[in-house]
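With our numbering applied, the sequence shown corresponds to residues 38 to 178, in that order.
Cβ coordinates follow ideal geometry from the N, Cα and C atoms, glycine included.
Presented below is the structure to which this report refers.
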Amino acid sequence: MPEPKTEDLRRTIREAGLRATPARVATLNLLHGATSPLTHADVAEHLAERGIDKATAYRNLNDMTDAGLLRRTELGDHVWRFEPVGEGEHAHATHPHFVCVDCGRVSCLNGIKLTEKSLTASRQIGEVTEILLRGHCKICT
Ligand SMILES: [Zn+2]
Ligand SMILES: [Zn+2]
């Protein structure tokens with residue numbers, strides 16, 4: 038994903054119906070620059086360097102998720118992770134994620150999709166909210 042400019046981020050936030058505060062712009066910028074979804078703690082730690090307190094960081098993540106700018110994902114470890122909703126992506130239709138069972142590293146698998154046939158088959162069972170692949174990442178193998 039190419040790194041968006043601050044002005045673009047501000048516009049994106051405003052278009053979602055939120056005020057483009059410096060904390061929100063910084064949050065979105067951080068998540069766009071990340072190669073994997075980040076936890077509350079990851080984001081709060083980063084924003085603390087800019088003098089933004091933890092409570093504000095948390096509130097902004099939730100507000101921006103509600104506004105459809107971010108997607109919240111839970112990968113089986115009961116930790117919420119956040120990532121920007123990509124261009125042309127639906128807020129609720131996520132790409133699969135890969136979780137390393139050794140180091141816990143989470144990676145986005147942007148190019149991988151369920152086929153129509155698989156989607157139809159999975160709808161027989163229920164609504165898929167998360168596709169998760171587990172294994173050993175390249176660093177751990
Ligand atoms: Zn690993
Ligand atoms: Zn992802």
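Thinking just about the alpha-carbon of each residue, which of the options is nearest to the one in residue i?
i: isoleucine 168; options: Tyr95, Ile176, Ser155 and His77; result: Ser155
i: glycine 172; options: Arg108, Phe119, Gly141 and Thr76; result: Gly141
i: threonine 76; options: Asn97, Asp45, Gly105 and Ile162; result: Asn97
i: valine 116; options: His83, Asp79 and Leu84; result: Asp79
i: valine 165; options: Gly148, Ile176, Thr110 and Phe119; result: Thr110
i: glycine 105; options: Ala94, Glu124, Lys91 and Ile89; result: Glu124
i: tyrosine 95; options: Gly54, Ser144, Pro133 and Phe119; result: Phe119
i: valine 138; options: Gln161, Arg48, Val122 and Asp114; result: Asp114
i: isoleucine 149; options: Thr43, Lys42, Ile89 and Pro133; result: Pro133
i: arginine 56; options: Arg87, Ala92 and Asp100; result: Asp100
Determine the extent of the beta strand (DSSP E) in which residue i is found, giving its start and end residues.
i: glycine 172; result: 169 to 172
Grouping DSSP H, G and I as helix and E and B as strand, with all else coil, what is residue i?
i: histidine 83; result: helix
i: histidine 132; result: coil
i: glutamate 111; result: strand
i: arginine 160; result: helix
i: glycine 148; result: coil
i: leucine 16; result: Because the chain is modelled from 38 through 178, residue 16 falls outside the range shown and cannot be assessed.
i: glutamate 153; result: helix
DSSP puts residue i in a beta bridge; with which residues?
i: arginine 61; result: Arginine 61 is not bridged to any residue.
i: threonine 76; result: Arg118
i: valine 143; result: Val136
Can you name the start and end residues of the alpha helix (DSSP H) that residue i belongs to?
i: arginine 48; result: 43 to 52
i: aspartate 100; result: 91 to 103
Open item on the list: Any residue with its Cβ nearer than 7 Å to a heavy atom of ligand 1 should be included. What is that list in chain order?
Closed with: With the cut-off at 7 Å, the residues found are Cys137, Asp139, Cys140, Arg142, His173, Cys174, Ile176 and Cys177.
Open item on the list: Run the Cβ filter for me: residues under 6 Å from any heavy atom of ligand 2, listed in the order they occur in the chain.
Closed with: Pro74, Glu120, His132, His134 and Cys145
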